[in-house]
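Student: Take a look at the following structure, please.
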Amino acid sequence: MKKKKKNPLSRSNYHSLPQSVAVIFSEVKRNYFPTQMQYLTEKDAFHDAQVIADYLEKMKISAYLFPGNEMLAVKLRRAKPTMAINLVGSVKGNEYLASTIPALLELLDIPYTGAGILGESLSYNKFLIKKLLQQNGVPIPNYQLFNNHNDPLDPTLRFPLISKLNEIHGAVEITQDSVSETEKHLRKRMKYLINTYEQPILVEEFIVGREITSILLEGLNKKVYSAEKIFNKPDQKYIFATFADQWLESGSEAFRYQQYNDPLLREYIKKAFEITKMADYGKFDIRLDPSGRYYFIDANSNPAFGPKELECAIANILDLYDISFSDILKRLLINTLRDAKGKKLLPLTKNGFNSEN
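As structure tokens, then:
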């Protein structure tokens with residue numbers, strides 16, 4: 001008799017699922033965002049939340065859809081959900097305000113998925129994330145933060161350099177023009193980004209090599225699932241995932257995922273997850289140079305969450321490991337409720353500190 005394949009997320013004694021869940025998503029208006037590019041990363045927030053609500057309804061769980069705006073507290077008090085799924089990536093178009101959502105949920109004593117106040121706050125300052133990783137032995141490229149495009153350039157940085165918005169994720173403004181081979185081009189690029197988005201720019205050495213995305217799922221133990229991006233860009237000088245690759249239909253064939261496993265990378269991911277105060281799940285992007293050295297280039301708490309039909313990295317990568325979105329969702333709900341029950345016995349914040357300390 002053929003032995004039945006074990007589900008990597010299965011447990012013999014699942015706890016009960018919640019009766020009701022508030023699915024909280026970004027309120028999106030075009031005038032909230034300085035560019036169409038940034039708007040595109042959030043424009044489907046309500047649709048994506050509805051898809052997740054449909055999955056919940058199929059599990060016989062009542063789902064409420066609430067935008068993350070000034071009326072959220074009132075709606076949550078009225079609905080009294082068992083817990084919340086936090087999908088908010090920005091508030092009034094500002095990503096750094098996403099940490100106000102877990103803050104509100106903490107005040108209302110509603111269990112929720114994803115990172116807490118500190119984890120979400122850190123996530124939207126890439127410079128601080130770089131510092132934390134660097135200080136704790138997680139490899140990163142050499143980097144520099146610019147508040148003005150005329151700031152002196154660190155002479156130890158080696159071209160080519162790639163420039164990124166310090167406070168915005170979603171590959172916004174990550175294009176082939178992001179890579180600079182000369183100081184003149186770099187300063188022109190930084191001037192445009194700073195004037196348009198009114199925030200500092202993180203510049204780092206571009207690592208030539210392969211690109212890997214890793215997902216960590218937290219439960220009774222931490223599981224890491226990694227995949228290498230296999231690109232179809234034979235004519236491009238610098239091969240990496242751009243905004244178009246991730247958000248535009250024309251870029252859907254730019255790369256595919258392939259399983260990638262390395263015990264060393266798994267340990268780096270687990271350490272990075274702890275250092276950056278993530279919770280429940282997180283996403284990391286890594287470059288692997290020709291010498292086999294890893295470099296962490298991005299860290300995302302509360303990354304885009306949803307099934308394969310929404311083209312979310314988390315679902316696409318875990319599908320390579322025969323893990324369905326329904327399995328991911330069920331585990332997330334159960335873990336959140338279990339952690340909430342644990343807090344009542346020993347009061348802990350979402351970031352793991354005893355409230356009595």
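First residue of the sequence shown? That's 1 in full-length UniProt numbering, and the numbers climb one at a time after it.
For glycine and all other residues, C-beta sits at the position ideal for the given N, C-alpha and C.
1) Looking only at DSSP bridge pairs, what is residue 371 linked to?
2) With which residues is P67 paired in a DSSP beta bridge?
3) Can you tell me whether Q199 is helix, strand or coil according to DSSP?
4) Taking buried to mean at least 16 other C-beta atoms within 10 Å of its own C-beta, is R78 buried or exposed?
5) For L128, I'd like the list of residues in its chain whose CB is within less than 7 angstroms of its CB, leaving aside the five on either flank, ordered along the chain.
6) How many Å lie between S301 and K237 at the Cα?
7) List the whole-angstrom C-beta distance separating L157 from N142, where the pair is believed to meet the contact cut-off of C-beta under 8 angstroms.
8) Measuring alpha carbon to alpha carbon, tell me which of S16, S163, V88 and N221 ends up nearest F46.
9) What is the C-beta distance between residue 360 and P155, in whole angstroms, given that I count them as a contact (C-beta under 8 angstroms)?
10) So what's F243 in DSSP terms, helix, strand or just coil?
11) Which residue wins for smallest C-alpha separation from V91, given the options Y124, L76 and T82?
12) For Q19, which of helix, strand or coil comes out of DSSP?
13) Quick check: the Cα distance between P188 and D177, rounded to an integer number of angstroms?
14) Let me know if V224 comes out buried or exposed under the rule of 16 or more other beta-carbons within 10 Å of its beta-carbon.
15) With distances taken Cα to Cα, identify the nearest neighbour of L65 among D48, M59 and P102.
16) Within its chain, find whatever has a CB closer than 7 angstroms to the CB of N232; leave out the 5 residues flanking it on each side and keep chain order.
17) Check L248 in the structure and name its three-state DSSP category.
18) With DSSP run on the structure shown, which of helix, strand or coil describes M83?
19) Starting from E57 and walking both ways along the alpha helix (DSSP H), at which residues does that stretch end?
20) Is DSSP giving Q236 helix, strand or coil here?
21) Output yes or no for whether 9 angstroms exceeds the beta carbon distance between L337 and S16.
22) Quick check on the burial criterion: 16 or more other C-beta atoms within 10 angstroms. Buried or exposed for L220?
Tutor: The relevant details are as follows:
1) Coverage of the chain is limited to positions 1 through 357, which leaves residue 371 absent and any answer about it impossible.
2) Along the sequence shown, read from residue 1 onward, the residue named residue 67 stands at position 67. Partner(s): F25.
3) Position 199 of the sequence shown, counted from the start, is the residue given in the question as residue 199. Reduced to three states, the DSSP call for Q199 is coil.
4) As a first step, residue 78 must be located in the sequence shown, where it is residue number 78. R78 should be labelled exposed.
5) Numbered from its first residue, the sequence shown carries residue 128 at position 128. Cβ neighbours of L128 beyond the five flanking positions: L122.
6) One-based indexing of the sequence shown puts residue 301 at position 301. One-based indexing of the sequence shown puts residue 237 at position 237. About 31 angstroms.
7) As a working note, residue 157 is residue 157 in the sequence shown. As a working note, residue 142 is residue 142 in the sequence shown. With a Cβ gap of about 6 angstroms, L157 and N142 count as contacting.
8) Looking up residue 46 in the sequence shown gives position 46. Of S16, S163, V88 and N221, the residue nearest in Cα terms is V88.
9) Within the shown structure, residues of the chain are numbered from 1 to 357, placing residue 360 beyond reach of any answer.
10) The residue labelled residue 243 in the question sits at position 243 within the sequence shown. Three-state result, F243: helix.
11) On the sequence shown, residue 91 is found 91 positions in, with the first residue counted as 1. Out of Y124, L76 and T82, Y124 has the C-alpha closest to the C-alpha of V91.
12) Taking the first residue of the sequence shown as 1, we reach residue 19 at position 19. Reduced to three states, the DSSP call for Q19 is coil.
13) Start at 1 with the first residue of the sequence shown, and residue 188 comes out as number 188. Start at 1 with the first residue of the sequence shown, and residue 177 comes out as number 177. Looking at the sequence provided, one finds Lys at residue 188 rather than Pro. Spanning the two alpha carbons is a distance of roughly 11 angstroms.
14) Position 224 of the sequence shown, counted from the start, is the residue given in the question as residue 224. So V224 ends up on the buried side.
15) Here residue 65 refers to the residue found at position 65 of the sequence shown. The candidate whose alpha carbon is nearest that of L65 is D48.
16) Within the sequence shown, numbered from 1, the residue matching residue 232 stands at position 232. Excluding sequence neighbours, N232 sits near E253, A254 and F255.
17) Translated into the one-based positions of the sequence shown, residue 248 becomes position 248. Three-state result, L248: coil.
18) Position 83 of the sequence shown, counted from the start, is the residue given in the question as residue 83. In this structure, M83 counts as strand in the three-state DSSP scheme.
19) As a working note, residue 57 is residue 57 in the sequence shown. From DSSP, the alpha helix (DSSP H) with E57 extends over A45 to K58.
20) Numbered from its first residue, the sequence shown carries residue 236 at position 236. Q236 falls in the coil class under three-state DSSP.
21) Within the sequence shown, the letter at position 337 stands for residue 337. Within the sequence shown, the letter at position 16 stands for residue 16. Cβ distance < 9 angstroms, so L337 and S16 count as in contact.
22) Position 220 of the sequence shown, counted from the start, is the residue given in the question as residue 220. It counts as exposed.
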